[in-house]
Amino acid sequence: MPVLPRPRKRLGQHFLIDPNIVRKILKVAALNPEDVVFEIGPGRGALTHALCERVARVIAVEIDRLLVEYLAQTCAQQDALELHHGDALAFPYDTLPAGTVVIANLPYYVSTPLVFRLLEERDRIDRMVLMLQREVAERMIAAPGSRDYGLLSVVTQYLTNPSKAFVVPASCFRPVPQVDSAVVCLSDRAASNPDDARFEEVFMKVVRSAFAHRRKTLINSCREEGWEEPVLRRAMEETKIDPRRRAETLTVKEFIALAHAIRVFS
Ligand code: SAM
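As numbered in my numbering, the sequence shown has no gaps in its residue numbers, which increase by one up to the final residue, 306.
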């Protein structure tokens, strides 16, 4: 039997030990045999083995060389598995086939940057089933005005249809983490997005500026980030958005309208 490497907390290694959670994740993923799955951080293979039994191709990227060696031995019989050693942030996403399904129990320490990276690559991705800290999952689905609503909520809800599937107690992992996790499903909503990459760039810049200074009003936060005040005033007048509001009160629809108006008046 290959030697099981010791968990490295620095790499967010909290391994899933509950087969029931694996089953629930697979149910949410609703895989078809012809799906291609991309798994980030296969770890000791809790999900990987189950995925290889359901689809013909599982592309997995793991940063820890010892775990890659361990998996290469324990998954030797799994013809479906293509195992890569490396950082998922630096993975060549353009090599993934269109329609890939992402399934991952994400490492906490880098979960938000990974989510933003995956969202950037969504053209190749059909849907994502992600396990994250519960708090990050709550932020993704939060409604305007709530404590959790922010940049991650607006960007996730603009680009995808997010839904929280279920909560996973900390006791389902070893070593046991300090917080609970949750599984979210992000399905594609490309059809309803403006098909204009330039607009998306403006939208992202406007949303980032609006949330850059959370204590400031919308107009002051955007101005501090370099937008011209007359442009902002005209855009807010046009969209009937009070410049004294704060970013966390704006709906995704209002952000879209504001970004369109700023683009027109810039
Ligand atoms: N999928 C396994 C499970 O559910 O038991 C392990 C999940 S564990 C929370 C996260 C895994 O991601 C670890 O195996 C860790 O080594 C790996 N990891 C951490 N940072 C990574 C990165 N930047 N790119 C790829 N894998 C990473």
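Cβ coordinates follow ideal geometry from the N, Cα and C atoms, glycine included.
Identify every run of the beta strand (DSSP E) within the region 198 to 248, keeping only runs that are complete inside it and at least 3 residues long; order them along the chain. Every beta strand (DSSP E) of 3 residues or more that sits fully in the region 198 to 248 is shown, in chain order, as 200 to 208 and 221 to 228.
Start and end of the beta strand (DSSP E) containing M41? Neither: M41 is in no beta strand (DSSP E) and is coded neither H nor E.
Shortest alpha-carbon distance to V68 belongs to which of A205, R254, K245 and A275? Residue A205 is the option with its Cα nearest to V68.
Check whether the Cβ of H54 lies closer than 7 Å to any heavy atom of the ligand SAM, and answer yes or no. Checking every heavy atom of the ligand SAM against the Cβ of H54, one is found closer than 7 Å.
Cutoff 7 Å; reference H125; Cβ partners in own chain excluding five residues on either side: Excluding residues within five positions, the ones whose Cβ falls inside 7 Å are E102, R105 and V108.
To the nearest angstrom, report how far apart E240 and L199 are at their CA atoms. Using only the alpha carbons, I get a separation of about 10 Å.
May I ask which residues mark the beginning and end of the alpha helix (DSSP H) holding V292? For V292, the enclosing alpha helix (DSSP H) starts and ends at V292 to F305.
Along the chain, where does the alpha helix (DSSP H) that runs through A108 open and close? In the sequence as presented, Ala is not what sits at residue 108; that position holds Val. Segment R105 to T114, the alpha helix (DSSP H) holding V108.
Could you have a look at L191 and say whether DSSP puts it in helix, strand or coil? If DSSP states are grouped into helix, strand and coil, L191 belongs with the helices.
Cβ-based neighbour list, I181, same chain, cut-off 6 Å, excluding 5 preceding and 5 following: Correct list, in chain order: P202 and K204.
Quick one: what's I80 bridged to in DSSP? According to DSSP, I80 bridges with V101 and A144.
Of all the options L44, L226 and R285, which has the alpha carbon lying nearest to the alpha carbon of Y110? Residue L44 is the option with its Cα nearest to Y110.
Relative to the alpha-carbon of L87, which residue among I259, S227, N145 and P270 has its alpha-carbon at the smallest distance? Per the Cα distances, N145.
Would you call the region 112 to 122 and the region 160 to 170 in contact, with 3 or more CB pairs under 8 Å? Taking 8 Å as the limit for Cβ pairs, the verdict is that the region 160 to 170 does not touch the region 112 to 122.
Nearest to R284 (by Cα), restricted to the options V169, K293, R255 and P137: When V169, K293, R255 and P137 are compared, the shortest CA-CA separation from R284 is found for R255.
Taking a contact to mean a Cβ-Cβ separation below 8 Å, would you say R214 touches F55 in this structure? Taking 8 Å as the Cβ cut-off, R214 and F55 qualify as a contacting pair.
Excluding the 5 residues preceding and the 5 following T289 in the sequence, name in chain order all residues of the same chain whose CB lies nearer than 8 Å to its CB. Apart from the 5 residues on each side of it in sequence, T289 sits with its Cβ closer than 8 Å to the Cβ of P184 and G185 in its chain, given in chain order.
Inter-residue Cα distance where the pair is D188 and V194: Going from the Cα of D188 to the Cα of V194 covers about 11 Å.
Short check: CB of V77 to CB of V141, under 8 Å? In contact: V77 and V141 (Cβ atoms closer than 8 Å).
For a test of the three-state rule: what should DSSP assign to D134, helix, strand or coil? In the structure shown, D134 sits in a helix (DSSP, three-state: H, G or I).
Could you pull out every residue in the same chain whose Cβ sits closer than 6 Å to the Cβ of I259, ignoring the five residues on either side in sequence? Listed in chain order, the non-local C-beta contacts of I259 below 6 Å within the same chain comprise L272 and P283, local neighbours out to five positions each way being set aside.
Looking at I103 and the ligand PLP, is the gap between the Cβ and the nearest heavy atom below 7 Å? The ligand PLP is not among the ligands present in this structure, which contains only the ligand SAM.
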